[in-house]
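Chemist: I am attaching a structure below and will ask some questions about it afterwards.
Residue numbers (this note's numbering): 317 to 625.
Spelled out as structure tokens, the structure:
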């Protein structure tokens, strides 16, 4: 049990970081939460996604959110990209947003989230027509996707978080304990406004943006019952990054980091840099881990310049 106690302490700290990374705007839980909500069905999974179509389309971009987030985190950036001619598809990964909670999926029915996103993309357009952008954990998922589908046109990463092997978390008792704690954090502590203001500031590193942020919109997906437990299951089932395979992707790569990111450490950033030594790099000065929201104007300019090359 000593080993599991150490895991418990470590993951308690990780959950604090999870909450830090979980600030985004959410709509109230509904059957169709947004006017443009669509659902992709495969096996035991129902995957929620939204399509923002551009006129005179120049390309398609799949946008993949970070841990505990949803499609809404991409809305400010997607608006800029759509105006510039890029159709954006925003997806909720399993266990997040308005997609199936993985705690409800039996082990024998599990489909890797990368496979689900790839298959969704293929129902919309051939894989070679897609650009992919991922934030935080979604960056780790995006790296796996281009490792599986090297014909993807380009990869863009915003504060990407590499995915480690989470199988050590698979013990049912351990998952139950950690899942109960995560449920409490997501379902109860998200109602504590002063705490959320602090967490929001840690995520954005932008006081004015934080103070004007609508905290009432946070409570949607995070408070869907068992979301916390599902997030633990998702982490245990996650496909770890195979950097040797990922590094074989030879289409253009853009890596955007933020110099006030409180989530990613030097080792994480170096793993990504080593995987893509020829990538175009950009640093958001003064940006926090969630810079894709409050620095969307700046990041859209970087992304559009990258896509135009």
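Backbone N, C-alpha and C fix where the C-beta goes; we use that ideal spot for every residue, glycine too.
Look up residue 514 in the DSSP assignment and say whether it is helix, strand or coil.
Modeler: helix
Chemist: Residue 459: buried (16+ other C-beta within 10 angstroms of its C-beta) or exposed?
Modeler: buried
Chemist: Jot down the residue ranges of each uninterrupted alpha helix (DSSP H) in the segment 350–421, minimum 4 residues, whole runs only, in chain order.
Modeler: 391–399
Chemist: Any chance the segment 442–462 sits against the segment 425–433, with 3 or more Cβ pairs inside 8 Å?
Modeler: The segment 442–462 vs the segment 425–433: in contact.
Chemist: Would you list the residues sitting across from residue 573 in a DSSP beta bridge?
Modeler: 599
Chemist: Using CA atoms only, rank isn't needed, just tell me which of 519, 606, 363 and 466 is closest to residue 572.
Modeler: 606
Chemist: Ignoring anything shorter than 3 residues or poking outside the segment 464–518, list the beta strand (DSSP E) runs there in chain order.
Modeler: 470–474
Chemist: For residue 604, which three-state DSSP category applies?
Modeler: coil
Chemist: For residue 514, is the classification buried or exposed, using 16 other Cβ atoms within 10 angstroms of its Cβ as the cut-off for buried?
Modeler: Taking a 10 Å sphere around the C-beta of residue 514, we find fewer than 16 other C-beta atoms and assign the residue as exposed.
Chemist: Tell me whether the beta-carbon of residue 548 lies closer than 7 Å to the beta-carbon of residue 428.
Modeler: no
Chemist: What number of angstroms, rounded off, separates the C-alpha of residue 503 from the C-alpha of residue 389?
Modeler: 19 Å
Chemist: Counting along the chain, where does the beta strand (DSSP E) carrying residue 449 start and finish?
Modeler: 446–451
Chemist: Count the other CB atoms, across all protein chains shown, that sit within 10 Å of the CB of residue 500; report buried if there are 16 or more and exposed otherwise.
Modeler: exposed
Chemist: Just the Cα atoms here: how many angstroms apart are residue 601 and residue 452?
Modeler: 17 Å
Chemist: If we call anything under 7 Å between Cβ atoms a contact, is residue 378 one with residue 448?
Modeler: yes
Chemist: Which residue comes first and which comes last in the alpha helix (DSSP H) that contains residue 587?
Modeler: 582–591
Chemist: Would you call the CB atoms of residue 368 and residue 362 closer than 7 Å?
Modeler: no
Chemist: For residue 560, count the other beta carbons within 10 Å of its own beta carbon; 16 or more makes it buried, fewer makes it exposed. Which is it?
Modeler: exposed
Chemist: Assign residue 628 to one of three DSSP states: helix, strand, or coil.
Modeler: Here the chain comprises residues numbered 317 to 625, so residue 628 is not present and cannot be evaluated.
Chemist: Does the beta-carbon distance from residue 454 to residue 562 come in below 7 Å?
Modeler: no
Chemist: Mind checking residue 399: buried by the 16 CB within 10 Å criterion, or exposed?
Modeler: exposed
Chemist: Going by DSSP in three states, residue 622 sits in which element: helix, strand or coil?
Modeler: Of the three classes helix, strand and coil, the one that applies to residue 622 here is helix, per DSSP.
Chemist: Rank 591, 446 and 476 by C-alpha distance to the C-alpha of residue 574 and give the top, closest one.
Modeler: The residue from 591, 446 and 476 with its alpha-carbon nearest to that of residue 574 is 476.
Chemist: I need the DSSP call for residue 436, collapsed to helix, strand or coil.
Modeler: helix
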